[in-house]
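Residue numbering for the sequence shown follows our numbering, starting at 4 and increasing by one per position.
Ideal placement from N, C-alpha and C gives every residue a C-beta, glycine not left out.
Just so you know, these numbers come straight off a predicted model, no measurement behind them.
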Amino acid sequence: MRLLASSFLLFFVSFDVFAQEPISFSSDELQEISQRYAGSSLNWPVVVNLADHDISNNTFTLSRAALLKLRSLTNTTLIYEDQQKRVNELISEGATVFAKNQLNDANQLFKEYLNQVRNGNLENVLTVSEQLKPSVDAL
């Protein structure tokens, strides 16, 4: 069911991105835009980093290219959330006892992922996200 919902979300975002020209929005819409185009309101630093900022009007504009980049962040956000859930399940099954080092490694990657999101660095977010599933698989 989650896979179906994720596929629908990706289709919706993909269709929305291709159907639109660049979008402009005010600073008070930042979290809503982040949720819609980047997969989570927590991804707002990446949105800000990719957007052109009109300081005089305090508005942002995302180009079509930036919207396409944000689509990859939406996919990455789904991976991050799925791996977080898996880790929580593995913890309840004893990972803190039986795979302590691997759990620490996975948690370090989660921290690094969030740090890169906070820094607005999309390329590093994508790089770290590629390591999440293999790290959790090692648990």
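Check the C-beta distance from residue i over to residue j and give it rounded, since I have them as a contact under 8 Å.
{"i": "residue 123", "j": "residue 77", "result": "Not quite, the Cβ-Cβ distance comes to about 16 Å (not below 8 Å), so this is no contact."}
{"i": "residue 136", "j": "residue 86", "result": "6 Å"}
{"i": "residue 127", "j": "residue 119", "result": "4 Å"}
{"i": "residue 93", "j": "residue 72", "result": "Between residue 72 and residue 93 the Cβ distance is about 32 Å, and since that is not below 8 Å, they are no contact."}
{"i": "residue 102", "j": "residue 142", "result": "5 Å"}
Using the Cβ count rule (16 or more neighbours within 10 Å means buried), how would you classify residue i?
{"i": "residue 37", "result": "buried"}
{"i": "residue 20", "result": "Unreliable positioning characterises residue 20 in this predicted model, as indicated by a pLDDT of 46, which lies under 50. The coordinate reading is nonetheless provided below. When all chains shown are included, residue 20 counts as buried."}
{"i": "residue 58", "result": "exposed"}
{"i": "residue 132", "result": "buried"}
{"i": "residue 70", "result": "buried"}
{"i": "residue 138", "result": "buried"}
Suppose the cutoff is 8 Å on Cβ atoms and the five residues either side in sequence are ignored; what does the same chain contact list for residue i look like?
{"i": "residue 75", "result": "125 and 129"}
{"i": "residue 79", "result": "42, 128, 129 and 132"}
{"i": "residue 30", "result": "61, 62 and 63"}
{"i": "residue 99", "result": "106"}
Can you name the residues that DSSP bridges to residue i?
{"i": "residue 65", "result": "26"}
{"i": "residue 55", "result": "64"}
Which residue marks the beginning of the alpha helix (DSSP H) containing residue i, and which one marks its end?
{"i": "residue 142", "result": "First-last for residue 142: undefined, no H or E at that position."}
{"i": "residue 45", "result": "Premise fails: residue 45 is in no alpha helix (DSSP H) and is neither H nor E."}
{"i": "residue 115", "result": "103 to 122"}
Compare the C-beta of residue i with all C-beta atoms of chain C and state if any pair is closer than 9 Å.
{"i": "residue 142", "result": "The displayed structure is made up of one protein chain only, and chain C is not part of it."}
Excluding the 5 residues flanking residue i on each side, which residues of the same chain have their C-beta closer than 7 Å to its C-beta?
{"i": "residue 3", "result": "The first residue shown for the chain is 4 and the last is 142, placing residue 3 beyond what the model contains."}
{"i": "residue 48", "result": "120, 121, 122 and 123"}
Who are the Cβ neighbours of residue i in its own chain at under 6 Å, not counting the five residues just before and after it?
{"i": "residue 55", "result": "64"}
{"i": "residue 33", "result": "47"}
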